[in-house]
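Going by this note's numbering, the sequence shown opens with residue -16, and the numbers climb by one from there.
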Amino acid sequence: MSFEFFPGVGVVHLNLAKPRRPAPAGTIHRWSGPATRGGPPVHCLKCGCKKAQRRDYTVLYVAPGGRQQTELRPPCTGKPATPLQAA
């Protein structure tokens, strides 16, 4: 049988392990730097959304032109927000 040991997980049968699912290239953000714990937010160079890491290690995202914070990563549109959308 095909079993593998993964640190922190244990012994897993390889048929039960889910393969990695990379995000499509068009939806990947290009961040201006690393989001450090409790530090200033970083922004995406392609679409302008912001990412911040709180002191309890949760990551918050703000969509371009929006004010609502969410823990779900928005897809990168690749287009910066226009001044009309930011209002």
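The beta carbon of each residue, even a glycine, is placed where N, CA and C say it ideally should be.
Keep in mind it's a predicted model, so treat the numbers as computed, not measured.
Next on the checklist: Please classify residue 8 as buried or exposed, where buried requires at least 16 neighbouring CB atoms within 10 angstroms.
Outcome noted: Along the sequence shown, read from residue 1 onward, the residue named residue 8 stands at position 25. Per the 10 Å Cβ criterion, exposed.
Checklist entry - Residue range of the beta strand (DSSP E) that residue 34 falls in? => result Residue 34 sits at position 51 when you count from the first residue of the sequence shown. Secondary structure note for residue 34: its beta strand (DSSP E) is the uninterrupted segment 33 to 36.
Next on the checklist: Can you list, in chain order, the residues of its chain with a C-beta nearer than 6 Å to that of residue 47? Leave out the 5 residues immediately preceding and following it.
Outcome noted: As a working note, residue 47 is residue 64 in the sequence shown. The beta carbon of residue 47 is closer than 6 Å to those of 30, 31, 32, 64 in its chain, skipping five residues each way along the sequence.
Next on the checklist: Can you look up residue -7 in the DSSP assignment and give me helix, strand or coil?
Outcome noted: The count along the sequence shown starts at 1 and reaches residue -7 at position 10. In the structure shown, residue -7 sits in a strand (DSSP, three-state: E or B).
Checklist entry - How is the beta strand (DSSP E) around residue 43 delimited, first residue to last? => result If you number the sequence shown from 1, residue 43 lands on position 60. Annotation for residue 43: the continuous beta strand (DSSP E) segment containing it runs 42 to 45.
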